[in-house]
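Protein chains in written order, with the numbering used here: chain A, 201 to 366; chain B, 22 to 139; chain C, 336 to 730.
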Amino acid sequence: MDLILFLAFAAIAVICALSVVLQTHPIASALSLVGVMGALSVLYLLLGAEFIAMVQVIVYAGAVMVLFVFVIMLLNADAESPRSTSAMAKALGLPIFLAFAAVLALAVLRLFPDTPLVRFGEFTGGGPADVGMALFTRYLLPFEVISVLILIAIVGAVVLARKEID
Amino acid sequence: MPEGYVPLFIFLAVAILFPVVALILAKYIRPDVPSRVKLEAYECGIQTASDSRARYTVRFYIIAILFVIFDVEAIFLLPWAVRYQVLGWFGVAEVAVFLVVLAVGYVWAYKKGALEWI
Amino acid sequence: MEFFIVSTIKALLVFFVLMTTLAYLQWVERKVIAHIQLRQGPYRVGPHGLLQPLADVIKLITKEGIVPPHVNKFFYFLAPIIAVSMSLIAISVIPFGGEIEVFGITTHMQLTDLNIGLLLVLALASMGTYGIALAGWASNNKYSLLGGLRSSAQMVSYELPLSLAIASPLLLLNTLSLREMVTQQEGFMLGFLPNWTIFQGPAPQLVGMVLFLIAAFAETNRIPFDLPEAETELVAGFHAEYSSMKFAAFFMAEYSNMLTAAAVTTTVFLGGWLPALPGMAGDLIAPAVFATGGAVCLYHGLNPARKRDKYTLPVFALVFFGLAALFLAPPLKDIAMPLFWFGAKTGALLFVFIWIRGTLPRFRYDQLMGFCWKFLFPVAVLHLLATALLVALAG
Numbered sequence: 201m202d203l204i205l206f207l208a209f210a211a212i213a214v215i216c217a218l219s220v221v222l223q224t225h226p227i228a229s230a231l232s233l234v235g236v237m238g239a240l241s242v243l244y245l246l247l248g249a250e251f252i253a254m255v256q257v258i259v260y261a262g263a264v265m266v267l268f269v270f271v272i273m274l275l276n277a278d279a280e281s282p283r284s285t286s287a288m289a290k291a292l293g294l295p296i297f298l299a300f301a302a303v304l305a306l307a308v309l310r311l312f313p314d315t316p317l318v319r320f321g322e323f324t325g326g327g328p329a330d331v332g333m334a335l336f337t338r339y340l341l342p343f344e345v346i347s348v349l350i351l352i353a354i355v356g357a358v359v360l361a362r363k364e365i366d
Numbered sequence: 022m023p024e025g026y027v028p029l030f031i032f033l034a035v036a037i038l039f040p041v042v043a044l045i046l047a048k049y050i051r052p053d054v055p056s057r058v059k060l061e062a063y064e065c066g067i068q069t070a071s072d073s074r075a076r077y078t079v080r081f082y083i084i085a086i087l088f089v090i091f092d093v094e095a096i097f098l099l100p101w102a103v104r105y106q107v108l109g110w111f112g113v114a115e116v117a118v119f120l121v122v123l124a125v126g127y128v129w130a131y132k133k134g135a136l137e138w139i
Numbered sequence: 336m337e338f339f340i341v342s343t344i345k346a347l348l349v350f351f352v353l354m355t356t357l358a359y360l361q362w363v364e365r366k367v368i369a370h371i372q373l374r375q376g377p378y379r380v381g382p383h384g385l386l387q388p389l390a391d392v393i394k395l396i397t398k399e400g401i402v403p404p405h406v407n408k409f410f411y412f413l414a415p416i417i418a419v420s421m422s423l424i425a426i427s428v429i430p431f432g433g434e435i436e437v438f439g440i441t442t443h444m445q446l447t448d449l450n451i452g453l454l455l456v457l458a459l460a461s462m463g464t465y466g467i468a469l470a471g472w473a474s475n476n477k478y479s480l481l482g483g484l485r486s487s488a489q490m491v492s493y494e495l496p497l498s499l500a501i502a503s504p505l506l507l508l509n510t511l512s513l514r515e516m517v518t519q520q521e522g523f524m525l526g527f528l529p530n531w532t533i534f535q536g537p538a539p540q541l542v543g544m545v546l547f548l549i550a551a552f553a554e555t556n557r558i559p560f561d562l563p564e565a566e567t568e569l570v571a572g573f574h575a576e577y578s579s580m581k582f583a584a585f586f587m588a589e590y591s592n593m594l595t596a597a598a599v600t601t602t603v604f605l606g607g608w609l610p611a612l613p614g615m616a617g618d619l620i621a622p623a624v625f626a627t628g629g630a631v632c633l634y635h636g637l638n639p640a641r642k643r644d645k646y647t648l649p650v651f652a653l654v655f656f657g658l659a660a661l662f663l664a665p666p667l668k669d670i671a672m673p674l675f676w677f678g679a680k681t682g683a684l685l686f687v688f689i690w691i692r693g694t695l696p697r698f699r700y701d702q703l704m705g706f707c708w709k710f711l712f713p714v715a716v717l718h719l720l721a722t723a724l725l726v727a728l729a730g
């Protein structure tokens, strides 16, 4: 059951991710990204990180992507016309990408040689109570620093926006 | 994944299938006799004058970006509320510091007029 | 495997009950608004217009569906699907009652209980924004786009006070699982006052509930916050270019959101399916209500001045008496009693939704946004802090 769900949603995530890159219309790309976020949240669920899964949907899919969609709608960004690509780019693109992915995978394996295998249903400490406890005792300092980060974000957003209005 | 999510996925499938099936079904049942007037953009009978994909006010953008920022704040308060009775006064102090810093930002944005809708 | 089958049966059952409720909710709304405005409301299809929902469904499914050539086809069809699915799923975490035994199988009167139940509801509410934003954009119509933008800006803004207002009762309940929330509210204080969060010490959540309801009104795009479809300025807002079944989907999504808002308020603030009165009084009120309903129907049915009701009202009276008997039969009582209390509380909240629609005018858009950002949001934060202080003081 877990495996079927994992394969299904991993496939959805990959297809949506490809669609983000391949779509010509910005709205279509943005919505594909929402699809990626949704599929990722199901993958988090499968790993037992329930709270993170929901935060993924609420913050990424429900807030950050709404901002993206808004900006695209407001600017009236239209479908981009496909650019002519050189024959060399077409021929070399995929092999170079595969080589890069292989190098990356190798590097990760070298850096963390004895990472244990992840099994579905093994980890159960991802509920809101566990996250709350960890966040407010062990990771208290990062939590308080986040408030400063949010403050900076507010200032940045307002300053940028004021420039637009005045 | 805990067992409790299985019914959720079943219901998800039902809830997505229902509108899809209903829309497809309606497509075969309903009559379809389009005419030029029917297919015009609905603007109360007046001829469409300009393209609808014009640019709209930047206000919507500011609201969206402020929402992203404060939504992160609100999300952090939920696990705090769930563990509150364990944390006690310590919990009050933690979140008070967190909220005071944010209140500074909120008051500043208010004074700057970022919350006005003009 | 048995769990899987039971879950599927429960899912289909909940789905059909939900669909029927949504259809009749719309009938109830039309009736109540009509009576507020001294009209009769639906009266032609069936006795007292009771078959009107069925007629509406047939009408909507057989109407011509106009797909204008200027729309963005894929997103134009995707939008209503997103809107309706996201609003329907939320009902799956709402508890309608406790543990029951049917045909030897013990199960809960709830589709599923998740320990992130409330977060799921909030997540679905935020995903519902896409349905409306997309509908407005894909229609390629000025009114639609403006309606869609307005509506999604409004929905995201009111999501903040919504999640902050719901955080304060969580300080008392300490869980995000909706079933546990209800069990936390069991019992009575001083022997008569139910231990619901709106009454529960040390910090009664009456203000929290009002804040939550205001935000929920805006989130469901109901009057006085129905700016997205403000007829006088935007024709029909984001669904101006939608007809037939596609329009019905948005309509259904709105009612489904309203139902979810009422059900969540009931569960978090009003003790869910728990009775409002202790002991025997709580057990007897349901049959008493239905018996009174039956008696009223019978009284009016026998009145010779009401010619049309001569046959229908006695039938209703019989139905009411039957329902009253249901609550007295021991095996059915355990199922019917929680459903009655849940339905009564949710129904009362839904009535408030409709009542306000019949009473209040609409906000102006700047007032709407100012109200959210300058009043509701800071008040919700202060309310949360005040609740936290009271709970901490009580130890």
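In this text, a Cβ means the ideal position worked out from N, Cα and C, and glycines have one as well.
Annotation for C:Val428: no alpha helix (DSSP H) segment contains it, and DSSP assigns it neither H nor E. Chain-ordered listing is empty here: chain A has no CB closer than 9 Å to the CB of C:Asn476, the nearest sitting near 13 Å. Membership of C:His443 in the beta strand (DSSP E) is indicated by the continuous run 440 to 443. Only buried fits A:Val266, as 16 or more other CB atoms lie within 10 angstroms of its CB. DSSP places A:Met254 inside the alpha helix (DSSP H), whose first and last residues are 250 to 255. Residue pairing by DSSP leaves C:Met421 without any beta bridge partner. The C-beta distance from C:Ile435 to C:Thr442 rounds to 7 Å, short enough to meet the 8 Å contact threshold. Neighbours of C:Leu506 in chain A, taken as residues at a C-beta separation under 8 Å, are lacking, since the least C-beta distance is about 12 Å. DSSP places B:Phe119 in the helix class (H, G or I) of the three-state scheme. From the beta-carbon of B:Trp129, the residues of chain A found nearer than 8 Å are Ile354, Val355, Val358. In the same chain as C:Met587, and ignoring 5 residues on each side of it, the C-beta atoms closer than 7 Å to its own belong to Leu357, Val419, in chain order. Here the C-alpha atom of A:Val359 lies approximately 15 Å from the C-alpha atom of A:Leu349. Annotation: C:Glu576 to C:Phe412 spans about 12 Å, alpha carbon to alpha carbon. Sorting A:Pro226, A:Leu218, A:His225 by C-alpha distance to the C-alpha of A:Val236 places A:Leu218 at the top. Taking the C-beta atoms as reference points, C:Thr532 is found nearer than 8 Å to C:Leu508. Residues of chain C whose Cβ lies closer than 7 Å to the Cβ of A:Met254 are, in chain order, Ile451, Leu454, Leu455, Ala458. The beta-carbon separation of C:Ile558 and C:Arg697, rounded to 6 Å, stays under the 8 Å limit for a contact. Looking at the DSSP output, C:Phe523 shares a beta bridge with C:Pro529. For the 8 Å CB-CB criterion, A:Phe270 and B:Phe91 do not form a contact.
For the C-beta of C:Ser420, the chain B residues within less than 7 Å are, from N- to C-terminus, Ala36, Ile37, Pro40. Closer than 8 Å to the CB of C:Val687 there is not a single CB belonging to chain B. Within the same chain, and ignoring the five residues on either side of C:Met580 in sequence, the residues whose Cβ sits closer than 7 Å to its Cβ are Leu395, Ile396, Gly400.
Cβ atoms of B:Val118 and A:Glu250 stay farther apart than 8 Å, at about 27 Å. Within the same chain, Cβ atoms closer than 7 Å to the Cβ of C:Tyr590 are found at Leu357, Leu360, Gln361, the five residues on either side in sequence being excluded.
Using beta-carbon distances, C:Lys642 does not count as an interface residue toward chain B, since no partner is under 8 Å. Taken in chain order, the unbroken stretches of alpha helix (DSSP H) that lie wholly in the stretch 535 to 612 of chain C and span 4 residues or more are 541 to 554, 566 to 569, 579 to 604. With respect to the 8 Å criterion, C:Gln489 and C:Leu695 are not classified as neighbours on the basis of their beta carbons. C:Ser461 sits buried, since 16 or more C-beta atoms from the chains shown fall within 10 Å of its C-beta.
With fewer than 16 neighbouring CB atoms inside 10 Å of its own CB, C:Tyr646 falls in the exposed class.
Residue burial annotation: C:His383 is buried, with at least 16 other C-beta atoms found within 10 angstroms of its C-beta. Under the DSSP definition of a beta bridge, C:Val437 partners with C:Ile440. C:Ala721 and C:Ala727 have their C-alpha atoms roughly 10 Å apart. When secondary structure is reduced to three states using DSSP, B:Phe32 falls in the helix class.
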